[in-house]
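Peer 1: This is the structure, below, for whatever I ask next.
In the numbering used here, the protein residues as written are 17 to 255.
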């Protein structure tokens, strides 16, 4: 057991150690991406800031989006005072995270359409907070209920993660249902089995502590393991 922030983190799973040893960071993180239908999105968001969505080849119809590609959008999300850069990162993150399933996508688009100024400012501020204050960044999206309709922590933690620009020490990892499934399986801690997917900061904080502690345990003088690499393993095994 490990002490982290006053809480006890269970030992690092052997299966995680094996997974990390068999995957380079480039393969696990930078190259993790998909061929996606960008045209679906561009037909619906062309009138909104941050559009169009494009991929690594620069096309707007069908193209590949990887984690490394999204990392490159982070700096503009921080710098652009208008919020358009933050919304660009948001759109691309939604595309990457949604894949071919669009069950909630129309509602998320309508949420931005309804309050473009408020939501772009929220996204800009959250991107800036993500690199220094995970708690405040999380609470930007969930002050009580969700600040953007139909956008819970399964998705907004993806945005907070990519706002870190791929820095290995970034402390806002993705924590979605599959990650929580793995964390609960490996630790049996009830905090990782919330009653709803719209979980609160307590669950996120516990997940961040666990992912970070395990990453630290697996780091060596020759390789620093990021919390996102542990998240990637948790996602891959959380079916």
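Backbone N, C-alpha and C fix where the C-beta goes; we use that ideal spot for every residue, glycine too. Since this is a predicted model, take the numbers as computed values, not measurements.
#1: Taking residue 92 as part of the alpha helix (DSSP H), name the residues at either end of that continuous run.
#2: If we ignore side chains and look at the alpha-carbon of each, how far apart do residue 82 and residue 207 end up?
#3: Would residue 198 and residue 250 be called neighbours here (beta carbons separated by less than 8 Å)?
#4: Near residue 54, what residues of its chain come up, given a Cβ to Cβ distance below 7 Å and the 5 sequence neighbours on each side ignored?
#5: Pop quiz: residue 106 and residue 139 are said to be a contact at Cβ under 8 Å. What is the actual Cβ separation, rounded to whole angstroms?
#6: Report yes if the CB atom of residue 64 is closer than 8 Å to the CB atom of residue 129, and no otherwise.
#7: Identify whether residue 21 lies in helix, strand or coil by the three-state DSSP scheme.
#8: Do the CB positions of residue 171 and residue 163 come within less than 8 Å of each other?
#9: With the cut-off set at 8 Å, would you say residue 243 and residue 219 are in Cβ contact?
#10: Given this structure, state the Cα-to-Cα distance separating residue 87 from residue 182, to the nearest angstrom.
#11: Answer with buried or exposed for residue 113, where buried requires no fewer than 16 other C-beta atoms within 10 angstroms of its C-beta.
#12: So what does residue 50 bridge to, in DSSP terms?
#13: Between the Cα of residue 98 and the Cα atoms of 108, 125, 132 and 117, which residue gives the shortest distance?
#14: Considering only their Cβ atoms, is the gap separating residue 44 from residue 202 smaller than 8 Å?
#15: Express the C-alpha separation of residue 48 and residue 25 in angstroms, rounding to a whole number.
#16: Terminal residues of the continuous alpha helix (DSSP H) containing residue 282?
#17: At what residue ranges does the stretch 130 to 192 contain a whole run of the alpha helix (DSSP H), taking only runs of 4 or more?
Peer 2: Once the coordinates are examined:
#1: Unbroken alpha helix (DSSP H) run through residue 92: 90 to 95.
#2: About 30 Å.
#3: Closer than 8 Å, so yes.
#4: If we look at residue 54 and ignore the five residues flanking it on each side, its Cβ neighbours are 69, 70, 71, 76, 77, 78, 79 and 111.
#5: 5 Å between Cβ atoms; contact.
#6: Taking 8 Å as the Cβ cut-off, residue 64 and residue 129 qualify as a contacting pair.
#7: Summary for residue 21: the model assigns pLDDT 46, below 50, so the residue's position carries little reliability, and this model does not support an answer.
#8: For residue 171 and residue 163, no; Cβs fall outside 8 Å.
#9: Their beta carbons are not under 8 Å apart, which means residue 243 does not touch residue 219 by this criterion.
#10: Their backbone Cα atoms lie some 5 Å apart in a straight line.
#11: Taking all protein chains in view, the Cβ of residue 113 is crowded by 16 or more other Cβ atoms within 10 Å, so the residue is classified as buried.
#12: Bridge partners of residue 50: 81.
#13: Residue 132 is the option with its Cα nearest to residue 98.
#14: No; because the gap between Cβ atoms is not below 8 Å, this pair is not in contact.
#15: If you draw a straight line from the Cα of residue 25 to the Cα of residue 48, it is about 28 Å long.
#16: Not covered by the structure: residue 282. The range shown for the chain is 17 to 255.
#17: Residue ranges of uninterrupted alpha helix (DSSP H) with 4 or more members, entirely inside the stretch 130 to 192 and ordered along the chain, are 132 to 146, 150 to 157 and 169 to 178.
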